[in-house]
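First residue of the sequence shown? That's 0 in numbering that gives the first Met the number 0, and the numbers climb one at a time after it.
Right, one structure below, let's go through it.
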Amino acid sequence: MQRLISYKLFCLLSLLLFFACDRDRNRKGYAYFPDMMESRAYETYSDNPNFADGKTVRLPVEGTVSREVLPYRFEKTEENRVWAGNSLKSPFVVEMKHVEEGKNLYEKFCYNCHGEQGDGKGFLVTSGKYPYPVASLISEKLKNASRGEIVHVITVGYGVMGAHAPQINQEERWKIAEYVKVKLQGMELSSRKEEETSR
Numbered sequence: 000m001q002r003l004i005s006y007k008l009f010c011l012l013s014l015l016l017f018f019a020c021d022r023d024r025n026r027k028g029y030a031y032f033p034d035m036m037e038s039r040a041y042e043t044y045s046d047n048p049n050f051a052d053g054k055t056v057r058l059p060v061e062g063t064v065s066r067e068v069l070p071y072r073f074e075k076t077e078e079n080r081v082w083a084g085n086s087l088k089s090p091f092v093v094e095m096k097h098v099e100e101g102k103n104l105y106e107k108f109c110y111n112c113h114g115e116q117g118d119g120k121g122f123l124v125t126s127g128k129y130p131y132p133v134a135s136l137i138s139e140k141l142k143n144a145s146r147g148e149i150v151h152v153i154t155v156g157y158g159v160m161g162a163h164a165p166q167i168n169q170e171e172r173w174k175i176a177e178y179v180k181v182k183l184q185g186m187e188l189s190s191r192k193e194e195e196t197s198r
């Protein structure tokens, strides 16, 4: 009898040891449904039969806001452009390094339409591939526009220009605006003192 109890106890301990084994101290050594433990991920832009629209990329839940990004309260209207120009202020103290970073961003996102000099003669315009005239960033109208107005236009677009907020984050928009003002329009670097007095 005692031998039988010892045998059963040995089997029980052996089973416990078997199930207690793990591969990397974070996962059990045994998986009942391996597909649930290690899912077969879909590529970002691939078709996905799990959703009614067949897309893998999902929109964020309505009303949610990305971390460290404030909702943009200005609309794509002339009044809101002026309002944004008077209300928006740079989130950082601007230095020449930001102008250089703005140049790189300008070359990536703005160059093809607005051109190297900002005169609205970028490749898309001169090649005839884009039928609409593009704004000259060195015109008197835009020289008189504030940095906030430029940031607003980059964010929501203007005329036929589309919104670039999904591609360019808030800080990058300010760097582009600073590059346009300093290098293309020949204005002085904005200073914290000017910002404080304009608030």
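Virtual Cβ for every residue (Gly too), placed ideally from N, Cα, C.
List the whole-angstrom C-beta distance separating residue i from residue j, where the pair is believed to meet the contact cut-off of C-beta under 8 Å.
{"i": "V181", "j": "V98", "result": "5 Å"}
{"i": "L188", "j": "I137", "result": "Actually they do not touch by this definition, with Cβ atoms about 18 Å apart."}
{"i": "W173", "j": "P70", "result": "Rounded, the Cβ-Cβ distance is 17 Å, inconsistent with contact."}
Output the distance between the C-alpha atoms of residue i and residue j, rounded to the nearest integer angstrom.
{"i": "S86", "j": "G161", "result": "22 Å"}
{"i": "T55", "j": "R39", "result": "13 Å"}
{"i": "G101", "j": "G53", "result": "38 Å"}
{"i": "V179", "j": "H163", "result": "16 Å"}
{"i": "S145", "j": "S135", "result": "15 Å"}
{"i": "P165", "j": "P33", "result": "37 Å"}
{"i": "E115", "j": "P130", "result": "19 Å"}
{"i": "R198", "j": "H113", "result": "Since pLDDT at R198 reaches only 36, below the 50 mark, its modelled position is unreliable, and no value is offered."}
{"i": "F9", "j": "M0", "result": "14 Å"}
{"i": "P48", "j": "E42", "result": "13 Å"}
{"i": "L141", "j": "P59", "result": "35 Å"}
{"i": "V150", "j": "V68", "result": "15 Å"}
Should residue i be labelled buried (16 or more other beta-carbon atoms within 10 Å of its own) or exposed?
{"i": "C109", "result": "buried"}
{"i": "V133", "result": "buried"}
{"i": "Y105", "result": "buried"}
{"i": "A51", "result": "exposed"}
{"i": "T125", "result": "exposed"}
{"i": "R80", "result": "buried"}
{"i": "K192", "result": "Its pLDDT being 41, under 50, K192 is placed unreliably by the model, and the measurement read from it follows with that caveat. By the 10 Å Cβ count, K192 comes out exposed."}
{"i": "I153", "result": "buried"}
{"i": "V155", "result": "buried"}
Look up residue i in the DSSP assignment and give the residues it is bridged to.
{"i": "M160", "result": "Y157"}
{"i": "D46", "result": "K54"}
Looking only at C-alpha atoms, which of the options sits nearest to residue i?
{"i": "V159", "options": "P90, G185, K120 and K75", "result": "K75"}
{"i": "K88", "options": "Q169, G185, M186 and Y6", "result": "Q169"}
{"i": "E148", "options": "A176, F122 and C10", "result": "A176"}
{"i": "M186", "options": "Y44, N103, M95 and D46", "result": "M95"}
I want to check one thing, is the minimum distance from the CB of residue i to the heavy atoms of the ligand FAD below 8 Å?
{"i": "D52", "result": "Questions concerning the ligand FAD fall outside what the structure shown contains, since it holds no ligand whatsoever."}
Between residue i and chain B, is any beta-carbon pair separated by less than 9 Å?
{"i": "G114", "result": "This model lacks chain B altogether, as it is built from one protein chain only."}
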